[in-house]
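Okay, structure first, notes after.
Protein chains: 2
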Amino acid sequence: MTRTSHRIRIHDSLRSRLIRGEIAPQMRLVDHAIAAEMGVSRMPVREALMQLVSEGYLESTSRGFALPNLTPDRIAEVFVLRRLLEPHAVAGVARDRTEADLAAMQAALAEAEGAGPDVTGFHRGAEAFRNIWVQAVRNGELRQSIQRYSGQVQSVRFATLTDPLARAATLSGLQALFKAFRAGDGLAAQDRMLRFIYDAEESYRRGLATGLIA
Amino acid sequence: MTRTSHRIRIHDSLRSRLIRGEIAPQMRLVDHAIAAEMGVSRMPVREALMQLVSEGYLESTSRGFALPNLTPDRIAEVFVLRRLLEPHAVAGVARDRTEADLAAMQAALAEAEGAGPDVTGFHRGAEAFRNIWVQAVRNGELRQSIQRYSGQVQSVRFATLTDPLARAATLSGLQALFKAFRAGDGLAAQDRMLRFIYDAEESYRRGLATGLIA
DNA sequence: GGTGCGTTAAAAGTATACTATTTGAATCCG
DNA sequence: CGGATTCAAATAGTATACTTTTAACGCACC
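Protein chains in written order, with the numbering used here: chain A, 24 to 237; chain B, 24 to 237.
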């Protein structure tokens, strides 16, 4: 028996691919193609895709589903949202985090630190670190709101990481955040996260100005 | 030709019924019944219902769709989110609002003020007021995040409005907010909204304590 | 009278087929 | 050669039929 429905399995599968950045911006996700690939009918695929739309991961075009158009304006909007939500969120995490959370964070941080010139390795570590603390947010409504735009966050980070300055800022930000988590210091975590987001936005803007980002 | 799809029409129709409080908590919304009533097939109805689920208006049970189980914990979580997002949002609205926005707000406020003992009239005015300023939020990502839990906000307000104290607090809060909007004073709007949310939560807690709310 | 099991009906979930819409391209005309 | 018009292919949207799951009811047995 299927423990979960096709729709949910497909939704989760697509979402993880989206979060991992495996879907290129110009790619078009079409229900019948995915259905054929997975051996099911269009319906559960279509429903999964539409759910991803209402969760902000995808956009419905007249010619298939695609990544939302990440214009600089929209990215700026997300940075505003991040400043409003994430500092408060990590303050709670600093209080509630378990030892297992800390261990996982340390592993993710180690991967980012040891990545060398490898961009994808660094990105994977940073993404894992983020996923861990987001998962640890107790307030489910808050967590869901943060997760809704997490795909965009990953995309933007991926776009900026070729810049050594941005990468250094990200790494030191993660390290400072981890320290606050380990110390259980909510205020410090809140402060570090706010700075971290400001730095990220500055990196993004610099990337735009220097033409590193399309 | 149909300008909009059945799915969207049904979604909007159901949402307005939900917002008006026409769906009782123990009621079950079943796709094939609604489909028969509206003369369409199950599919667009099913998709509309599922979209309402991911927007927080409904919950999917194994025996039809129903109002979400608004546990006090979940409601508390939404209040946290509201405190994080809405003060900042209304500050922007106070700067950007048009004359048309102000006129619509005033009309909504007048409806709430003149509602007398009528609960639904007051609720409709308060809801209209909220919808107007939410629509006026420039930051689309922020607006969407706020809209995602607006259904829950309406439900909670509807549950508390039988309490005269809660109703008075709501009305004076709306009036103060409107003043700030009219003056274009972002800081004042931010402050009024924060107080408004605190008052709303206090009303809700009092309703819980006195058994007014299930 | 309570508890456990089996039956059954209702509703979710899925598959398939058909229709409508949209876009890109090809063709035709100026 | 350029632009408009029409046509075809791809995809969204809807309808209908079938399958699976689940909970509610009844029955028997304790």
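Heads up, the beta-carbon is just placed ideally off N, CA and C, and yes, glycines get one too.
Nearest Cα to Gly-87 of chain A within the set A:His-111, A:Val-53 and A:Leu-108: A:Val-53. Note on Val-142 of chain A: under 16 other CB atoms within 10 angstroms of its CB, so exposed under the neighbour-count rule. Here the alpha carbons of Phe-102 of chain A and Arg-171 of chain B stand approximately 19 Å from one another.
For Glu-82 of chain B, the uninterrupted beta strand (DSSP E) run begins and ends at 82 to 84, by DSSP. The three-state secondary structure of Ala-89 of chain A, taken from DSSP, is strand. Only exposed fits Glu-60 of chain B, as fewer than 16 other CB atoms lie within 10 angstroms of its CB. Between the alpha carbons of Ser-36 of chain B and Ala-199 of chain A lies a gap of roughly 49 Å. According to the DSSP secondary-structure assignment, Leu-231 of chain B is paired through a beta bridge with no residue. A Cβ-Cβ distance of about 5 Å is found for the pair Ala-114 of chain A and Ala-212 of chain A, placing them in contact under the 8 Å criterion. For the pair Leu-104 of chain B and Val-179 of chain B, the Cα-to-Cα distance works out to about 15 Å. Annotated three-state conformation of Leu-184 of chain B is coil, per DSSP. Within the segment 45 to 72 of chain A, the alpha helix (DSSP H) runs of at least 4 residues that lie entirely inside it are, in chain order, 54 to 61. Contact note: Arg-97 of chain A reaches chain B through Gly-163 and Glu-164, using a C-beta cutoff of 8 Å and chain order.
Listed along the chain, the chain B residues whose CB falls inside 8 Å of the CB of Glu-224 of chain A amount to none; the nearest CB is some 14 Å away. Rounded to whole angstroms, the gap between the alpha carbons of Gly-230 of chain A and Glu-150 of chain A is 20 Å. In the displayed model, Ala-127 of chain B falls within a helix according to three-state DSSP. Between Gly-234 of chain B and Gly-174 of chain B, the C-beta gap is not smaller than 8 Å, which leaves the two residues out of contact.
Shown here is that no member of the segment 181 to 203 of chain B has a Cβ falling below 9 Å from a Cβ of chain A. Spatial neighbours of Pro-95 of chain A in its own chain (CB-CB distance under 8 Å, excluding positions within 5 residues in sequence) are listed in chain order as Leu-231. Rounded to whole angstroms, the gap between the alpha carbons of Arg-228 of chain A and Val-63 of chain B is 50 Å. Annotation: the continuous alpha helix (DSSP H) that includes Thr-143 of chain A extends over 142 to 158. In the structure shown, the three-state DSSP call for Arg-161 of chain B is coil. Using beta-carbon distances, Val-101 of chain B counts as an interface residue toward chain A, with a partner under 8 Å.
Secondary structure of Arg-215 of chain B (DSSP, three-state): helix.
Residue burial annotation: Gly-196 of chain B is buried, with at least 16 other C-beta atoms found within 10 angstroms of its C-beta.
Residue environment for Arg-161 of chain A: exposed (fewer than 16 other C-beta atoms within 10 angstroms of its C-beta). In this structure, the alpha-carbon of Arg-153 of chain B lies about 25 Å from that of Val-76 of chain A. In this structure, the beta-carbon distance from Ala-71 of chain A to Arg-40 of chain A does not fall below 8 Å. The C-beta separation of Gly-144 of chain A from Ala-131 of chain A comes to about 11 Å, leaving the pair out of contact by the 8 Å criterion. The beta-carbon separation of Ala-117 of chain B and Leu-194 of chain B, rounded to 20 Å, does not stay under the 8 Å limit for a contact. For Tyr-172 of chain A, the chain B residues whose C-beta falls within less than 9 Å of its own C-beta are Glu-164 and Ser-168, listed in chain order. Against chain A, a Cβ distance below 7 Å from Ser-83 of chain B picks out nothing, because the smallest value is about 11 Å.
One finds Leu-107, Leu-108 and His-111 in chain A with Cβ atoms closer than 7 Å to the Cβ of Leu-107 of chain B, taken in chain order. Cβ proximity to chain A below 7 Å picks out Glu-70, Met-73, Gln-74, Ser-77 and Glu-78 from the segment 67 to 79 of chain B.
One thing to note: Glu-164 of chain B has its Cβ within 8 Å of the Cβ of Glu-100 of chain A.
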